[in-house]
Amino acid sequence: MSTREWGRDLGLGFRFAFTGGREGWIRVLLTAVGVGLGVALLLLTTAIPNALSVRHARDNDRADHTYGPVRPKAANTLVISDTDTEFHGHDVRGRLVEPEGPEAPVPPGLTAYPATGDMVVSPALRELLGSSEGRLLRARLPYRITGTITEDGLVGSRELAYYAGAKNLAPKIDGSRTARIDMYGLTGTPPQSHADPILILLVLVVFVVLLMPVAVFIATAVRFGGERRDRRLAALRLVGSDSRMTRRIAAGEALAGSLVGLVFGTAFFLLGRQFAGSMEVVGISVFPDYLNPSPTLAALVALAVPAAAVLVTLFALRGVVIEPLGVVRTAKPARRRLWWRLLLPLGGIALLAPMIGQGGSDGQFNQYLVTGGVLLLLVGVTALLPWAVEAVVARLHRGSVAWQLAVRRLQLSSGSAARMVNGIAVAVAGAVALQMLFAGVQGDYTKRTGQDVTRAQMQINLSDGTPFRTAADQFRTTKGVRKAVSLGSASLGEKDWKNGPGDTTLLVSGTCASLRETARLPSCRDGDAFVVTGGEDDAAVTKLARPGRVLHLDADHGAGKGPDVRWTVPAGLKPAHAITSPNGTRSSAVLLTPAAVPDRVDRLLDGTVYVMFDKGVPDVSEYTRNTAAKVDPFADVMVWSTTEESRNFTSIRTGLYVGALCVLALIGASLLVTQLEQLRERRKLLSSLMAFGTRRRTLSLSVFWQTAIPVALGLLLASVVGLTLGAVLLKMVGSPLGVDWRSVLSMTGAGAAVVLVVTALSLPPLLRLMRPEGLRTE
Amino acid sequence: MSIGHTLLGLLESGPRHGYDLKRAFDEKFGQDRPLHYGQVYSTMSRLLKHGLVEVDGIETGGGPERKRYAITEAGVTDVQRWLATPEKPEEYLQSTLYTKVVLALLTHRDAAGVLDVQRSEHLRSMRILTDRKRKGDLADQLICDHALFHLEADLRWLELATARLDKLRAEVAA
Amino acid sequence: MTPPPGSLLTARDLRKAYGPTVALDGAEFSIHPGEVVAVMGPSGSGKSTLLHCLAGIVPPDSGSIMYDGRELSGMSDAERSALRRGEFGFVFQFGQLVPELTCVENVALPLRLSGTPRKKAERAALTWLERLEVDDLGGKRPGEVSGGQGQRVAVARALVTAPRMVFADEPTGALDSLNGERVMELLTDAARSTNAAVVLVTHEARVAAYSDREIVVRDGRSRDMERAV
Numbered sequence: 001m002s003t004r005e006w007g008r009d010l011g012l013g014f015r016f017a018f019t020g021g022r023e024g025w026i027r028v029l030l031t032a033v034g035v036g037l038g039v040a041l042l043l044l045t046t047a048i049p050n051a052l053s054v055r056h057a058r059d060n061d062r063a064d065h066t067y068g069p070v071r072p073k074a075a076n077t078l079v080i081s082d083t084d085t086e087f088h089g090h091d092v093r094g095r096l097v098e099p100e101g102p103e104a105p106v107p108p109g110l111t112a113y114p115a116t117g118d119m120v121v122s123p124a125l126r127e128l129l130g131s132s133e134g135r136l137l138r139a140r141l142p143y144r145i146t147g148t149i150t151e152d153g154l155v156g157s158r159e160l161a162y163y164a165g166a167k168n169l170a171p172k173i174d175g176s177r178t179a180r181i182d183m184y185g186l187t188g189t190p191p192q193s194h195a196d197p198i199l200i201l202l203v204l205v206v207f208v209v210l211l212m213p214v215a216v217f218i219a220t221a222v223r224f225g226g227e228r229r230d231r232r233l234a235a236l237r238l239v240g241s242d243s244r245m246t247r248r249i250a251a252g253e254a255l256a257g258s259l260v261g262l263v264f265g266t267a268f269f270l271l272g273r274q275f276a277g278s279m280e281v282v283g284i285s286v287f288p289d290y291l292n293p294s295p296t297l298a299a300l301v302a303l304a305v306p307a308a309a310v311l312v313t314l315f316a317l318r319g320v321v322i323e324p325l326g327v328v329r330t331a332k333p334a335r336r337r338l339w340w341r342l343l344l345p346l347g348g349i350a351l352l353a354p355m356i357g358q359g360g361s362d363g364q365f366n367q368y369l370v371t372g373g374v375l376l377l378l379v380g381v382t383a384l385l386p387w388a389v390e391a392v393v394a395r396l397h398r399g400s401v402a403w404q405l406a407v408r409r410l411q412l413s414s415g416s417a418a419r420m421v422n423g424i425a426v427a428v429a430g431a432v433a434l435q436m437l438f439a440g441v442q443g444d445y446t447k448r449t450g451q452d453v454t455r456a457q458m459q460i461n462l463s464d465g466t467p468f469r470t471a472a473d474q475f476r477t478t479k480g481v482r483k484a485v486s487l488g489s490a491s492l493g494e495k496d497w498k499n500g501p502g503d504t505t506l507l508v509s510g511t512c513a514s515l516r517e518t519a520r521l522p523s524c525r526d527g528d529a530f531v532v533t534g535g536e537d538d539a540a541v542t543k544l545a546r547p548g549r550v551l552h553l554d555a556d557h558g559a560g561k562g563p564d565v566r567w568t569v570p571a572g573l574k575p576a577h578a579i580t581s582p583n584g585t586r587s588s589a590v591l592l593t594p595a596a597v598p599d600r601v602d603r604l605l606d607g608t609v610y611v612m613f614d615k616g617v618p619d620v621s622e623y624t625r626n627t628a629a630k631v632d633p634f635a636d637v638m639v640w641s642t643t644e645e646s647r648n649f650t651s652i653r654t655g656l657y658v659g660a661l662c663v664l665a666l667i668g669a670s671l672l673v674t675q676l677e678q679l680r681e682r683r684k685l686l687s688s689l690m691a692f693g694t695r696r697r698t699l700s701l702s703v704f705w706q707t708a709i710p711v712a713l714g715l716l717l718a719s720v721v722g723l724t725l726g727a728v729l730l731k732m733v734g735s736p737l738g739v740d741w742r743s744v745l746s747m748t749g750a751g752a753a754v755v756l757v758v759t760a761l762s763l764p765p766l767l768r769l770m771r772p773e774g775l776r777t778e
Numbered sequence: 001m002s003i004g005h006t007l008l009g010l011l012e013s014g015p016r017h018g019y020d021l022k023r024a025f026d027e028k029f030g031q032d033r034p035l036h037y038g039q040v041y042s043t044m045s046r047l048l049k050h051g052l053v054e055v056d057g058i059e060t061g062g063g064p065e066r067k068r069y070a071i072t073e074a075g076v077t078d079v080q081r082w083l084a085t086p087e088k089p090e091e092y093l094q095s096t097l098y099t100k101v102v103l104a105l106l107t108h109r110d111a112a113g114v115l116d117v118q119r120s121e122h123l124r125s126m127r128i129l130t131d132r133k134r135k136g137d138l139a140d141q142l143i144c145d146h147a148l149f150h151l152e153a154d155l156r157w158l159e160l161a162t163a164r165l166d167k168l169r170a171e172v173a174a
Numbered sequence: 001m002t003p004p005p006g007s008l009l010t011a012r013d014l015r016k017a018y019g020p021t022v023a024l025d026g027a028e029f030s031i032h033p034g035e036v037v038a039v040m041g042p043s044g045s046g047k048s049t050l051l052h053c054l055a056g057i058v059p060p061d062s063g064s065i066m067y068d069g070r071e072l073s074g075m076s077d078a079e080r081s082a083l084r085r086g087e088f089g090f091v092f093q094f095g096q097l098v099p100e101l102t103c104v105e106n107v108a109l110p111l112r113l114s115g116t117p118r119k120k121a122e123r124a125a126l127t128w129l130e131r132l133e134v135d136d137l138g139g140k141r142p143g144e145v146s147g148g149q150g151q152r153v154a155v156a157r158a159l160v161t162a163p164r165m166v167f168a169d170e171p172t173g174a175l176d177s178l179n180g181e182r183v184m185e186l187l188t189d190a191a192r193s194t195n196a197a198v199v200l201v202t203h204e205a206r207v208a209a210y211s212d213r214e215i216v217v218r219d220g221r222s223r224d225m226e227r228a229v
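Residue numbers (the UniProt record's numbering), protein chains in the order written: chain L, 1 to 778; chain F, 1 to 174; chain H, 1 to 229.
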């Protein structure tokens with residue numbers, strides 16, 4: 001057949017789509033909205049890599065590496081100090097800056113440095129500080145706001161960031177938090193970022209899992225109104241079009257819907273992008289113009305969707321014979337075979353299996369194998385489901401009238417029932433697998449910290465030279481704080497640190513009460529010194545801590561550039577036994593009460609305060625941070641409890657859950673449309689059933705079963721496949737197997753809820769169709 | 001219906017007495033209107049005169065003269081020709097009823113009522129025919145069907161006439 | 001109102017309008033047990049509406065329907081449904097058989113709706129299919145049988161509950177003469193043998209001839225021809 005024929009018939013179908021009167025318009029609209037939602041989601045997804053890379057580039061441009069060579073002060077240097085903090089779960093990027101000369105580089109987003117005591121803030125931070133919610137944060141940032149960081153200095157619209165002018169930062173230079181720099185941005189080629197293979201795996205799986213149901217949904221959407229269209233096609237046959245022409249005309253109609261859908265999708269995407277600019281997901285926000293789908297991918301979507309619409313229509317009409325007097329679905333389709341359907345998921349597992357255990361250390365996953373494997377497994381669901389529905393439904397017999405009506409209907413058209421549920425099944429299977437993976441990986445992360453949150457919830461690392469013992473007193477008087485333990489520590493070397501210290505052990509100083517957090521002390525008075533064994537390195541401490549021996553103090557964070565500070569081990573060391581200290585370690589060390597520490601040693605100790613607070617007091621962690629900022633603006637505050645680590649995952653999981661719910665809602669809508677169409681087809685039958693006294697309940701229940709049976713089967717299959725996929729993925733990242741039953745239940749519950757909602761929404765039309773008007777023949 | 005041709009056809013199976021002929025006719029075709037013997041006699045004389053039958057023999061006894069008739073070659077040919085010739089379609093213009101309806105309209109009486117009564121009368125006949133059909137053999141069924149279809153045709157004409165009464169009334173009044 | 005002695009179903013002064021369209025305008029009706037009454041009249045005259053009202057499918061706007069000493073318009077929808085399930089049978093022109101169910105299941109359906117166990121209901125259904133000479137169709141689906149056969153199945157379904165009233169709306173409308181007659185014979189024979197009353201809506205005189213008497217509906221008003229004559 002020629003292209004001209006194709007063009008003519010597609011065009012004809014195109015025209016039919018718009019000239020079908022009100023009903024035709026509604027159908028095009030439904031298809032367009034369905035396809036549009038799918039397209040918008042596709043565009044958004046294709047835009048995400050771009051958005052992330054823009055973010056990444058921006059982040060690189062403003063990078064201020066605080067490690068690296070120690071430079072002398074010059075006209076083009078500045079001292080910058082990282083004072084990142086956190087407020088109500090949001091990260092706040094903070095920098096104290098002190099330009100040292102007129103040529104000091106200015107970071108992107110700023111035109112000039114703020115004066116001492118002033119700060120330049122991001123719009124989101126300005127907004128937050130101005131609100132009542134930000135009152136506590138305002139106390140932590142006691143600077144005058146004099147300007148705004150423009151977009152090119154931020155990685156997202158909702159990012160909280162500030163640059164504050166400061167004085168006398170130079171003494172704080174430590175090669176980690178505070179440094180002297182002469183440029184922003186990365187020098188030379190950016191180091192090949194060695195992304196966490198687990199993260200890559202997560203991203204890949206998320207993409208596949210969210211996009212698969214969208215594809216299934218688009219396929220369903222172009223079939224909206226299919227039954228009525230089939231009747232119209234029959235009429236076309238009657239006036240003389242041949243069966244191939246008819247198919248092409250049908251494809252043309254679907255094409256029309258999908259093209260309008262593309263337009264809708266673009267509009268939805270632009271709207272959604274604007275909306276996306278004002279929200280924050282997983283602590284990540286973007287500017288709307290970051291969300292630019294790459295032209296190639298956008299073009300791919302624009303071509304693939306209409307092409308898919310045509311193909312799906314032709315494929316769907318494969319088993320349908322359109323005769324001039326009506327549409328005949330091939331009466332007895334061949335029994336569905338199992339073997340090739342099983343091949344798909346098995347093939348998927350086969351692709352994934354070789355990668356089991358590679359995610360533990362620095363292994364890499366083959367992205368194609370991962371994507372292929374996950375795809376095959378999920379596509380396997382759509383292939384297995386029709387078989388499963390057919391096989392199960394054929395064996396269902398006994399039951400009430402409602403059950404019988406539903407089962408018989410399913411037996412006659414199990415294929416279409418399975419097709420309706422495919423989207424739900426794929427979405428649930430993917431979501432279950434992902435939730436399981438997240439739960440497993442998250443378990444990993446929490447276990448690694450090993451911190452004992454019952455003993456402290458926050459650790460504050462004070463900057464060099466901050467008197468740590470008095471600091472503890474300030475924390476103790478902070479609202480909600482129950483206990484604050486402050487310890488100073490330093491490493492003791494066998495030799496001068498300039499040439500390498502040889503064996504080292506730990507020196508810890510604190511009050512008797514504080515020291516008791518790290519070791520079991522028999523008795524303690526100020527002036528006592530202890531040698532603690534039973535920790536990680538008893539050999540070193542027993543070797544070094546001998547009375548009279550001269551040890552060398554690490555005065556320069558191991559860099560070996562500081563002065564050689566010597567300390568003589570005193571006589572009368574009392575033995576003590578190590579216990580697990582609040583930071584989760586069990587150290588062999590020398591413990592000194594305050595009176596036992598000489599002044600020159602005391603100055604060099606790194607102060608750490610462990611804070612335990614009453615979680616019932618709202619904002620207690622914010623109060624603690626405020627105290628930390630007051631005591632030492634350079635303090636590094638670390639929150640312990642596991643909640644901090646899992647927060648990101650919780651929000652990813654919530655996001656995933658919301659995404660899956662959206663997909664389910666979308667599919668629910670298409671289920672409803674199909675359901676209503678079927679009911680309309682049967683109005684005459686429904687009226688006559690009502691005439692001979694069928695209860696409304698019976699018919700409502702049969703509608704319910706008709707949806708519930710395939711959905712239940714779909715959910716069951718989805719759970720099995722989802723759990724399998726989840727297990728394989730967990731094996732791949734080397735996490736222990738654990739089934740997250742809560743997510744399985746919540747996802748299947750959501751699927752079941754869709755059935756209930758669809759049934760509930762189709763009841764009013766059902767009851768309306770049962771009215772005796774349907775009996776009227778005239 | 002042509003009685004002559006019917007009697008000729010009955011003779012084709014073999015010679016019969018006049019009385020036998022009447023009985024056979026009545027049995028097969030005359031449920032509604034049995035033949036008078038005189039009708040048979042006059043018909044047979046006519047056929048005899050035209051040479052379509054001949055007298056096969058005469059029995060004389062105490063009763064009336066009993067002639068036995070047999071069909072001639074010419075008679076067989078005639079039956080053949082009759083069977084092969086289609087009947088002229090009859091037009092059942094119910095002239096009496098038509099007159100009644102028009103009269104009812106002219107005198108402002110219920111014309112629809114006239115039709116309903118007529119339908120009821122037709123249905124009464126049809127019920128009897130239907131009943132006979134259900135109890136009778138195949139011949140009965142075919143005969144009754146014929147009558148039923150004709151009656152139904154009348155009724156359909158009646159329905160149509162009823163539907164057109166308004167138009168008719170306007171025409172009559174004009 | 002007192003119904004005529006011995007009547008099973010009596011309707012007086014039924015009025016029903018669908019929006020501005022008046023379907024019934026003071027229709028009357030009465031039927032005795034074992035009686036077959038044809039409802040005739042031109043298209044749109046209100047025949048079907050009359051049947052729907054008499055069967056309790058549609059409540060009339062006004063008027064009374066007495067069935068077996070009970071006033072139908074005083075019943076709730078559930079009560080009328082129960083009545084239709086238990087004591088009425090229905091045959092329509094087409095489209096009444098559930099396409100997914102086999103013929104035997106279709107016939108058994110009314111019994112099952114009233115709570116008869118499946119096996120028992122299907123045995124009864126098979127007996128009725130035999131009486132209507134279509135017992136060989138039991139396992140087939142309605143889509144696989146001819147129109148005449150399907151109507152016989154429908155008649156079997158109307159009679160399977162041993163109803164006291166059968167409502168038939170153009171039961172032969174989609175059939176040829178021969179099949180139509182056979183369906184009418186089977187329907188009226190079966191109804192008479194169980195002493196069921198049949199309300200037969202038809203516009204065909206040959207079908208109406210299977211009735212005992214007819215009423216004519218014209219412009220929403222009924223005319224009982226037996227009394228008129």
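Backbone N, C-alpha and C fix where the C-beta goes; we use that ideal spot for every residue, glycine too. What you are looking at is a predicted structure, and each value in this text was computed from that prediction instead of being measured.
Ignore the nearest five residues each way along the sequence and tell me which others in residue i's own chain have a CB closer than 8 Å to its CB.
{"i": "alanine 545(L)", "result": "Thr505, Val531, Val569, Leu573, Val590"}
{"i": "serine 2(L)", "result": "none"}
Which bits of chain C does residue i rub up against, with CB to CB less than 7 Å?
{"i": "arginine 223(H)", "result": "In the structure shown, chain C does not exist; the protein chains are L, F and H."}
Between the Cα of residue i and those of the options, spot the shortest distance and give me the residue it belongs to.
{"i": "leucine 515(L)", "options": "Ser587(L), Trp403(L), Ile249(L)", "result": "Ser587(L)"}
{"i": "methionine 40(H)", "options": "Gly220(H), Arg221(H), Glu214(H)", "result": "Glu214(H)"}
{"i": "glycine 46(H)", "options": "Arg218(H), Glu105(H), Met225(H)", "result": "Arg218(H)"}
Take residue i and list the residues in its own chain whose beta-carbon comes closer than 7 Å to its own, dropping the five residues that flank it on each side.
{"i": "aspartate 212(H)", "result": "Glu35, Val36, Val37"}
For a contact meaning CB atoms closer than 7 Å, what does residue i contact in chain F?
{"i": "alanine 197(H)", "result": "Within 7 Å Cβ-Cβ: nothing; alanine 197(H) doesn't reach chain F, min ~17 Å."}
For residue i, go through chain L and note every residue whose CB falls closer than 7 Å to its CB, in chain order.
{"i": "valine 58(H)", "result": "Pro772"}
Rounded to the nearest angstrom, how far is the Cβ of residue i from that of residue j, given a contact under 8 Å?
{"i": "aspartate 503(L)", "j": "alanine 540(L)", "result": "5 Å"}
{"i": "residue 779(L)", "j": "alanine 471(L)", "result": "The structure shown does not extend to residue 779(L), since chain L is modelled only from 1 to 778, so the question has no answer here."}
{"i": "valine 392(L)", "j": "glycine 751(L)", "result": "No, valine 392(L) and glycine 751(L) are not in contact; Cβ-Cβ is about 17 Å, not under 8 Å."}
{"i": "leucine 160(L)", "j": "alanine 215(L)", "result": "That pair is no contact at about 38 Å."}
Can you pull the DSSP bridge partners for residue i?
{"i": "tyrosine 368(L)", "result": "DSSP lists no partner for tyrosine 368(L)."}
{"i": "glutamate 71(H)", "result": "Met66(H)"}
Ignore the nearest five residues each way along the sequence and tell me which others in residue i's own chain have a CB closer than 6 Å to its CB.
{"i": "asparagine 195(H)", "result": "Pro33, Gly34"}
Mind pulling the chain F residues with CB within less than 8 Å of residue i?
{"i": "residue 308(H)", "result": "As displayed, chain H neither begins before 1 nor continues past 229, which places residue 308(H) out of reach and without an answer."}
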